[in-house]
Amino acid sequence: MFNKVFVEKDQKDLAYTQGILSRLPGKFELVEIDNLDDYWGRSKKPYLQKREKLNLYIGQKKGELVKEAPFAYGYGKEKHFYFIHAYNCIYECDYCYLQGYFQTPDLVLFTNHDAIINSMQEITNKYPDCWFHAGEYSDSLALSHITREWDKYFDFFKRNPNAKLEIRTKSVNVKVLLEQNPLPNVIISFTLGSEAHTKNHDLKTPPLKTRLKAMQKLDQKGFELGIHLDPLVYTPNFESDYQHMLQELTKHIDVTRLHYVSIGVVRFTKDVHKEVQQNYSDSMIFATPMNKSFDGKIRYNRPMRYWMMNKVKSLCIDTGIDSQIIYLCMEDDD
Ligand code: SF4
Numbered sequence: 005m006f007n008k009v010f011v012e013k014d015q016k017d018l019a020y021t022q023g024i025l026s027r028l029p030g031k032f033e034l035v036e037i038d039n040l041d042d043y044w045g046r047s048k049k050p051y052l053q054k055r056e057k058l059n060l061y062i063g064q065k066k067g068e069l070v071k072e073a074p075f076a077y078g079y080g081k082e083k084h085f086y087f088i089h090a091y092n093c094i095y096e097c098d099y100c101y102l103q104g105y106f107q108t109p110d111l112v113l114f115t116n117h118d119a120i121i122n123s124m125q126e127i128t129n130k131y132p133d134c135w136f137h138a139g140e141y142s143d144s145l146a147l148s149h150i151t152r153e154w155d156k157y158f159d160f161f162k163r164n165p166n167a168k169l170e171i172r173t174k175s176v177n178v179k180v181l182l183e184q185n186p187l188p189n190v191i192i193s194f195t196l197g198s199e200a201h202t203k204n205h206d207l208k209t210p211p212l213k214t215r216l217k218a219m220q221k222l223d224q225k226g227f228e229l230g231i232h233l234d235p236l237v238y239t240p241n242f243e244s245d246y247q248h249m250l251q252e253l254t255k256h257i258d259v260t261r262l263h264y265v266s267i268g269v270v271r272f273t274k275d276v277h278k279e280v281q282q283n284y285s286d287s288m289i290f291a292t293p294m295n296k297s298f299d300g301k302i303r304y305n306r307p308m309r310y311w312m313m314n315k316v317k318s319l320c321i322d323t324g325i326d327s328q329i330i331y332l333c334m335e336d337d338d
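All residue numbers for the sequence shown refer to the numbering used here, where the first residue is 5 and numbers rise by one.
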């Protein structure tokens, strides 16, 4: 999986780090470093090199461990924060914003979960009903069988029943979650697209069918679930494709139990748009014109975005999803 693993000297002998190293598959060269910030992303590495040569860095997250989320980030009126437990991802969605965000596709796994949790406690003391989100800079579960950090976070949310956690994923790696007892304030949210969308855009991710099966296992064990239908990419069949996907969803989970459904249309910052054009010039994303919109991001035009989101919203309502739990993601308010 990784060519080289760089580990911070003072973190190397921790039981947590040793656990990660022992669970990493394959052979790799282990390199000790003083501080990952002096190495990771210091020189530009083309994003698509992740296909052949991917390195891993293990060390402490410095600086801000938990950040306030931007406007319209999540469900509800409470304050939203996200915490950072890793950088980069083993999957390769062609629209992924990480490709223009970091200088390198090399992964980082952070070791200081206790410090992250302390920071979350301080925030929770101030805003008891707040939300925390995992998965902003990586997939939350893709490597969870190696990192095994989730038991610490479940303990925190058991002690803080008013605070809420969203674990965002496209992975089917749910074994570590199934070892936990479900909590009403921990929501596992799956990003889903139609089967065609998943094949064409969510490269190297688990197929739609296996994602639905993973959701089914969690639903049957009583976990709270959410869904992100985001990003929608226009194709002539997009409506029937999403209708079929939602019908399949109802065969796997009880959609009336869903916590929330977010809907969003593909969008990029200028830098990410440039990078995506360079890396995936044949993507269907570019078959429909996109322009700079209200917040400087590059999107389809506004009538098109709202038409797409409202189509998918009606399809959700037709399958029995309560309209009150559906929200439009990262759009202006009016
Ligand atoms: S799963 Fe998320 S983080 Fe990973 S490549 Fe896809 S969009 Fe990026």
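Glycine included, C-beta positions come from ideal geometry on N, C-alpha and C.
Between the CA atoms of residue j and residue i - distance to the nearest angstrom
i	j	result
Val176	Lys16	29 Å
Lys81	Lys8	44 Å
Ile329	Asn295	30 Å
Glu36	Lys48	21 Å
Val259	Asp322	11 Å
Asp338	Phe298	Unreliable positioning characterises Asp338 in this predicted model, as indicated by a pLDDT of 41, which lies under 50. The coordinate reading is nonetheless provided below. Roughly 12 Å between the two C-alpha positions.
Arg215	Phe194	8 Å
Arg55	Glu96	9 Å
Leu40	Asn59	12 Å
Ser287	Ser266	23 Å
Ile127	Tyr264	23 Å
His232	Glu140	13 Å
Leu111	Tyr61	6 Å
Ile289	Tyr238	7 Å
Ile192	Leu229	5 Å
Asn204	Met124	37 Å
Asp118	Pro29	26 Å
Asn122	Glu72	16 Å
Residues bridged to residue i [DSSP beta-bridge criterion]
i	result
Gly67	None, per the DSSP bridge assignment.
Leu34	Val9
Glu72	Phe85
Ala90	Leu113
Arg172	Ser193
Trp135	His84 and Lys168
Asp326	None, per the DSSP bridge assignment.
Glu228	Ile191
Glu96	Leu207
Asn295	Arg303
Leu236	Val269
Local Cβ density within 10 Å of residue i, reported as buried at 16 or more and exposed below that
i	result
Arg163	exposed
Leu34	exposed
Lys255	exposed
Pro109	buried
Gln224	exposed
Asp234	buried
Lys167	Before going further, note that residue 167 is Ala rather than Lys in the sequence given. Buried is the call here.
Ser327	exposed
Pro210	buried
Asp155	exposed
Asp133	exposed
Lys274	exposed
Ala218	buried
Arg46	exposed
Arg27	exposed
Gly268	buried
Asp206	buried
Lys31	exposed
Beta-carbon gap between residue i and residue j smaller than 8 Å
i	j	result
Lys144	Thr115	Per the sequence shown, the amino acid found at residue 144 is Ser instead of Lys. Result no, Cβ atoms of Ser144 and Thr115 do not sit closer than 8 Å.
His89	Glu183	no
Leu113	Thr151	yes
Gly63	Glu12	yes
Ser142	Cys93	yes
Phe6	Tyr43	no
Glu170	Ala146	no
Tyr51	Val270	no
Phe227	Leu262	no
Lys208	Val178	no
Ser318	Met249	no
Leu332	Met312	no
Val70	Ile120	yes
Val276	Tyr105	yes
Tyr101	Phe242	no
Tyr157	Lys83	no
Tyr86	Phe136	yes
Thr202	Leu187	no
Asp245	Ala291	no
Gln344	Asn283	There is no way to answer for residue 344, as the model of the chain reaches only from 5 to 338.
Leu236	Val316	yes
Residue i at chain D interface by Cβ criterion, 8 Å
i	result
Gly230	As a matter of chain content, chain D is missing from the structure shown, which is built from one protein chain.
Cβ-heavy atom distance, residue i to the ligand COA, below 7 Å
i	result
Cys100	Ligands displayed in this structure: the ligand SF4; the ligand COA is not among them.
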